[in-house]
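Student: Structure below; questions to follow.
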Ligand code: SAH
Ligand code: SF4
Ligand code: F3S
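Numbering (my numbering), first residue to last: 1 to 452.
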């Protein structure tokens with residue numbers, strides 16, 4: 001008999017990928033994904049620890065799961081409640097102590113052991129919770145099933161995990177562990193399976209994706225640029241993206257790949273965090289604002305239509321008005337197509353949380369609004385610049401209105417247009433007719449020629 005599995009995903013795309021793989025691991029046990037927790041046989045919260053808000057959300061959601069579990073128990077059924085991901089890794093046993101109805105807690109590196117954990121949980125009903133937050137020596141990727149339920153036009157593929165950078169504000173090196181690159185052969189095989197399943201676009205994932213240094217079929221080591229070349233030439237993909245990159249790990253091979261590979265999309269998420277060298281140093285980012293700007297220039301020289309996205313932290317401890325102004329200056333100089341910006345959130349166990357000169361909340365919030373206003377203006381300008389142009393759009397799914405499809409431009413902008421369902425999965429020329437902050441509207445170029 002099939003069992004209902006509800007997974008809620010918080011945080012970054014790597015968690016989205018991991019949630020999909022958890023479903024793959026549990027599928028042979030009869031678990032089928034559902035979108036409501038209410039009468040699920042198993043609930044997994046795949047959590048994020050990056051900022052305080054993300055963590056708080058998990059605990060408040062757990063508070064809502066508890067009565068659901070009790071109600072099922074009263075009806076003679078059971079609900080296994082699991083906390084996975086980065087909060088699980090960071091808090092571990094503390095979650096079982098605070099929330100005794102939680103049956104299992106496991107980190108991002110052990111979910112390939114889920115079948116064992118589920119068997120143990122079912123045997124030891126009302127027993128002690130199961131905790132698995134090891135960083136096992138065997139790579140989880142070697143133990144995940146090759147079958148995947150992922151069947152979209154666009155797919156994620158984790159190629160690298162973990163981080164050795166230790167930016168002073170960040171929990172990721174502690175929650176995800178040391179840097180690890182999957183072997184090239186495994187990545188190509190997974191990519192081929194995704195293409196057979198209908199994927200036209202792959203986004204290669206890693207906490208530090210361009211630190212990739214995987215073993216190649218000939219026993220050497222390949223960089224991300226070299227891997228992208230193989231994926232473009234051998235796998236039959238229309239589009240390749242990757243995220244998230246670190247400025248320190250950009251090399252000449254990656255920049256050259258953007259010049260040579262039409263499949264490598266001209267849109268790059270390259271977090272800079274701050275435009276002030278003093279703050280960058282205190283963050284342990286190991287590069288200056290000038291280093292960042294010169295990378296941008298080199299990418300633009302290789303691929304003139306490339307556009308950039310970034311992450312910013314505002315109100316890092318010790319940030320002065322002049323430091324913040326340097327961030328605004330950097331933003332003005334680059335002209336971003338899109339960006340994420342956050343108020344600094346002190347995280348337990350990270351060095352920056354101990355710095356005494358924390359920026360007062362109202363000062364940080366006022367800076368955040370100023371930065372967001374500037375970034376939003378740039379994003380609107382970037383979108384508006386597409387109006388009147390013909391863009392290749394990869395259609396992904398039906399839109400909100402009937403007869404409409406939604407797709408993406410090379411720069412990841414959502415585009416909606418009237419188009420038949422048969423075009424899902426195809427890259428089609430679309431003339432852009434309108435733009436807003438978050439999306440574009442357009443018309444198929446073929447329709448225009450019929451009209452003319
Ligand atoms: N590996 C990527 C991003 C990791 S987390 C990189 O190196 O850039 C995603 C973003 O969350 C970061 O780029 C940063 O902008 C933000 N972030 C991380 N820790 C944070 C904290 N303590 N407070 C606020 N924002 C944070
Ligand atoms: Fe965190 Fe820095 Fe590593 Fe990115 S590079 S995951 S911000 S420690
Ligand atoms: Fe969050 Fe972990 Fe990703 S902390 S951002 S889910 S790596």
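Built from N, CA and C at the ideal position, the CB exists for glycine as well.
As a quick exercise: from 76, 158, 177, pick the residue whose alpha carbon is nearest that of residue 89.
Tutor: Here residue 89 corresponds to residue number 89 of the chain shown, with the count starting at 1. For residue 89, the nearest C-alpha among the options comes from 177.
Student: Straight-line CA distance for residue 129 to residue 27?
Tutor: Residue numbering aside, residue 129 sits at position 129 when the chain shown is read from its first letter. Residue numbering aside, residue 27 sits at position 27 when the chain shown is read from its first letter. Roughly 23 Å between the two C-alpha positions.
Student: Excluding sequence positions up to five away, which residues of its chain have a Cβ less than 7 Å from the Cβ of residue 364?
Tutor: Mapped onto the chain shown, residue 364 falls at position 364. Result list for residue 364: 314, 315, 343, 344, in chain order.
Student: According to the Cβ coordinates, are residue 437 and residue 379 closer than 8 Å?
Tutor: Position 437 of the chain shown holds residue 437. Position 379 of the chain shown holds residue 379. Their beta carbons are under 8 Å apart, which means residue 437 touches residue 379 by this criterion.
Student: According to DSSP, simplified to helix, strand and coil, what is residue 302?
Tutor: Position 302 of the chain shown, counting from 1, holds the residue named residue 302. The answer is helix: DSSP assigns residue 302 an H, G or I state.
Student: Flag this pair as touching only if the stretch 384-397 and the stretch 346-362 have three or more C-beta atom pairs under 8 Å; answer yes or no.
Tutor: No, because fewer than three Cβ pairs between the stretch 384-397 and the stretch 346-362 fall closer than 8 Å, the two stretches do not touch.
Student: Indicate whether residue 185 and residue 145 have their beta-carbon atoms separated by less than 8 Å.
Tutor: Here residue 185 corresponds to residue number 185 of the chain shown, with the count starting at 1. Here residue 145 corresponds to residue number 145 of the chain shown, with the count starting at 1. Not in contact: residue 185 and residue 145 (Cβ atoms no closer than 8 Å).
Student: Could you pull the DSSP bridge partners for residue 265 from this structure?
Tutor: As a working note, residue 265 is residue 265 in the chain shown. Residue 265 is not bridged to any residue.
Student: Mind reading off the beta-carbon distance from residue 66 to residue 101? Whole number of angstroms is fine, and I expect it under 8 Å.
Tutor: Walking along the chain shown from the start, residue 66 turns up at place 66. Walking along the chain shown from the start, residue 101 turns up at place 101. The Cβ separation is near 5 Å, so the contact holds.
Student: Tell me, please, which residues DSSP counts as bridged to residue 307.
Tutor: Start at 1 with the first residue of the chain shown, and residue 307 comes out as number 307. BP columns for residue 307 point to 267.
Student: Relative to the C-alpha of residue 242, which residue among 286, 290, 434, 308 is closest?
Tutor: Walking along the chain shown from the start, residue 242 turns up at place 242. Checked all of 286, 290, 434, 308; the closest Cα to residue 242 is 308.
Student: Within the continuous beta strand (DSSP E) that includes residue 81, where are the two ends?
Tutor: Counting from one through the chain shown, the residue named residue 81 turns up at place 81. 80-84 is the span of the beta strand (DSSP E), which, as asked, contains residue 81.
Student: The ligand SAH and residue 312: does the residue's C-beta get closer than 7 Å to at least one heavy atom of that ligand?
Tutor: Numbered from 1 along the chain shown, position 312 holds the residue referred to as residue 312. It does: the Cβ of residue 312 is within 7 Å (strictly closer) of some heavy atom of the ligand SAH.
Student: Going by DSSP in three states, residue 281 sits in which element: helix, strand or coil?
Tutor: Counting from one through the chain shown, the residue named residue 281 turns up at place 281. Residue 281: helix per DSSP, three-state reduction.
Student: By a C-beta neighbour count over all protein chains shown, 10 Å radius and 16 as the cutoff for buried, is residue 85 buried or exposed?
Tutor: To locate residue 85, count along the chain shown from 1; it is residue 85. By the neighbour-count rule (16 or more Cβ atoms within 10 Å), residue 85 is buried.
Student: Between which residues of its own chain and residue 415 is the CB-CB distance below 8 Å, once the five residues before and five after are set aside?
Tutor: The residue you call residue 415 lines up with position 415 of the chain shown. The residues are 391, 393, 406, 407, 408, 409, 430, 432, 439, 440, 441, 442.
Student: Closer than 7 Å: is that where the CB of residue 296 sits relative to any heavy atom of the ligand SAH?
Tutor: Here residue 296 refers to the residue found at position 296 when the chain shown is read from its first residue. No, the Cβ of residue 296 stays beyond 7 Å of every heavy atom of the ligand SAH.
Student: Quickly, what does DSSP pair residue 312 with across the bridge? List them, please.
Tutor: Here the question's residue 312 lines up with position 312 in the chain shown. Its beta-bridge partners are 273, 341.
Student: Check residue 378 in the structure and name its three-state DSSP category.
Tutor: Here residue 378 is taken as the residue at index 378 of the chain shown, counted from 1. Reduced to three states, the DSSP call for residue 378 is helix.
Student: Cβ-heavy atom distance between residue 532 and the ligand SF4 below 7 Å?
Tutor: A query on residue 532 cannot be resolved here, the shown segment of the chain reaching from 1 to 452 and no further.
Student: If you measure between the beta carbons of residue 191 and residue 202, is that distance less than 8 Å?
Tutor: Within the chain shown, numbered from 1, the residue matching residue 191 stands at position 191. Within the chain shown, numbered from 1, the residue matching residue 202 stands at position 202. Cβ distance < 8 Å, so residue 191 and residue 202 count as in contact.
Student: Who sits around the ligand F3S, taking every residue whose Cβ is closer than 6 Å to one of its heavy atoms?
Tutor: The answer, residue by residue, is 11, 12, 14, 15, 48, 49, 50, 85, 86, 171, 172, 175, 176, 207.
Student: Thinking just about the alpha-carbon of each residue, which of 317, 262, 182 is nearest to the one in residue 302?
Tutor: Mapped onto the chain shown, residue 302 falls at position 302. Comparing Cα-Cα distances from residue 302 to each of 317, 262, 182, the minimum goes to 262.
Student: Output the distance between the C-alpha atoms of residue 187 and residue 333, rounded to the nearest integer angstrom.
Tutor: Mapped onto the chain shown, residue 187 falls at position 187. Mapped onto the chain shown, residue 333 falls at position 333. Going by the C-alpha atoms only, they are around 37 Å apart.
Student: Can you tell which of 401, 78, 325, 1 has its C-alpha closest to the C-alpha of residue 371?
Tutor: Residue mapping note: residue 371 aligns to position 371 of the chain shown, counting from 1. Ranking 401, 78, 325, 1 by Cα distance to residue 371 puts 325 first.
Student: Could you spell out where the alpha helix (DSSP H) holding residue 17 opens and where it closes?
Tutor: Numbered from its first residue, the chain shown carries residue 17 at position 17. It spans 13-26 - the alpha helix (DSSP H) in which residue 17 sits, taken as one unbroken run.
Student: Run the CB neighbour count on residue 320, radius 10 Å, all protein chains shown included, and call it buried at 16 or more, exposed below.
Tutor: Mapped onto the chain shown, residue 320 falls at position 320. With fewer than 16 other Cβ atoms within 10 Å, it is exposed.
Student: So if DSSP puts residue 453 in a beta bridge, which residue, or which two residues, is it bridged to?
Tutor: This structure does not reach residue 453, given that the chain is present from 1 up to 452, and the question cannot be answered.
Student: What's the gap between the Cα of residue 285 and the Cα of residue 68?
Tutor: Here the question's residue 285 lines up with position 285 in the chain shown. Here the question's residue 68 lines up with position 68 in the chain shown. Their Cα atoms are separated by approximately 44 Å.
Student: On a CA-only basis, which of 306, 158, 297 is nearest residue 208? Give me that one, please.
Tutor: Translated into positions along the chain shown, residue 208 becomes position 208. Ranking the options by Cα distance to residue 208, first place goes to 158.
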